[in-house]
DNA sequence: CCGTATCCCTTAAGATACTG
DNA sequence: CAGTATCTTAAGGGATACGG
């Protein structure tokens, strides 16, 4: 299953996936939201080290790519809730495998 | 299952995983090698856009993290073969899920 | 064949302060 | 509460040329 360029089709598919998920934060945000709908501050508290700026920026990108949904409630002070879309939900399998691998990696390499 | 910092344990495990896999190339290299042992040039040909410098650098990091193995054969010209370790092999599940998700993502969002 | 060595540029991302 | 704006630094990564 090679393309004309001599590169496996699977490489191309994963390259597209990685482009949508690149950076240190997107997958962590997706994980946080897959554990339940959350508000800005709640996500921020669950992800160690993320700044408001990065969270804000990444949320926008994820929304553009239709992985999450942003819902604004007309209250004062403003209430905004983030949730994952069906397409975003399909990422959960990736996250699960990554979770298992991360635990194994700690034992094998990091030594925690 | 929260840590003292109020952050889910799964977030920490995935954070560790992402640290070992960060960047645009590592997962693609792992994929290429999971399809079979390969030499430097062969990997390079399978991954569109990667430069020798980046490939060389990432291969070292992956070797340090015990995800791949580098074997040198004493020939002229030199022959070097890369293969995945058992720990690297455990990444294949992640790659499979990422592959499926990438295909879906193309249909849903990119429109290929 | 299998890389290294430079040089350079863009982007990610942290810190801090501020707004509707 | 839910973000923006601005500034700055570190790092990722590309182009090119060269070495064992």
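Chains as they are written, first to last, in full-length UniProt numbering: chain W, 1 to 112; chain B, 1 to 112.
Each residue gets a CB set at the ideal place from its N, CA and C atoms; glycine is no exception.
Computed from a predicted structure; not experimentally measured.
Residue from the options with nearest C-alpha to residue i
i	options	result
residue 28(W)	106(W), 16(W), 45(W)	45(W)
residue 105(B)	53(W), 63(W), 20(W)	20(W)
residue 66(B)	24(B), 100(B), 84(B)	84(B)
residue 110(B)	18(W), 8(W), 7(W)	18(W)
residue 42(B)	95(B), 80(B), 90(B), 102(B)	80(B)
residue 90(W)	64(B), 101(B), 88(B)	101(B)
residue 39(W)	92(W), 87(W), 88(W), 78(W)	78(W)
residue 86(B)	71(B), 96(B), 34(B)	34(B)
Outcome for residue i when other beta-carbon atoms lying within 10 angstroms are tallied against a minimum of 16
i	result
residue 76(W)	exposed
residue 16(W)	buried
residue 57(W)	exposed
residue 73(W)	exposed
residue 107(B)	exposed
residue 60(W)	exposed
residue 36(W)	exposed
Where the beta strand (DSSP E) containing residue i begins and where it ends
i	result
residue 69(W)	68-73
Boundaries (first-last residue) of the alpha helix (DSSP H) holding residue i
i	result
residue 79(W)	Segment 79-84 is the beta strand (DSSP E) holding residue 79(W); no alpha helix (DSSP H) there.
residue 22(B)	From DSSP, residue 22(B) is part of no alpha helix (DSSP H); its letter is neither H nor E.
residue 56(W)	52-64
residue 42(W)	40-46
residue 103(B)	92-105
residue 29(W)	26-34
Cβ separation of residue i and residue j, assumed to be a contact under 8 Å, to the nearest whole Å
i	j	result
residue 134(W)	residue 48(B)	The structure shown does not extend to residue 134(W), since chain W is modelled only from 1 to 112, so the question has no answer here.
residue 98(W)	residue 94(B)	5 Å
At least 3 beta-carbon pairs within less than 8 Å: the stretch 6-19 of chain B vs the stretch 49-57 of chain B: no
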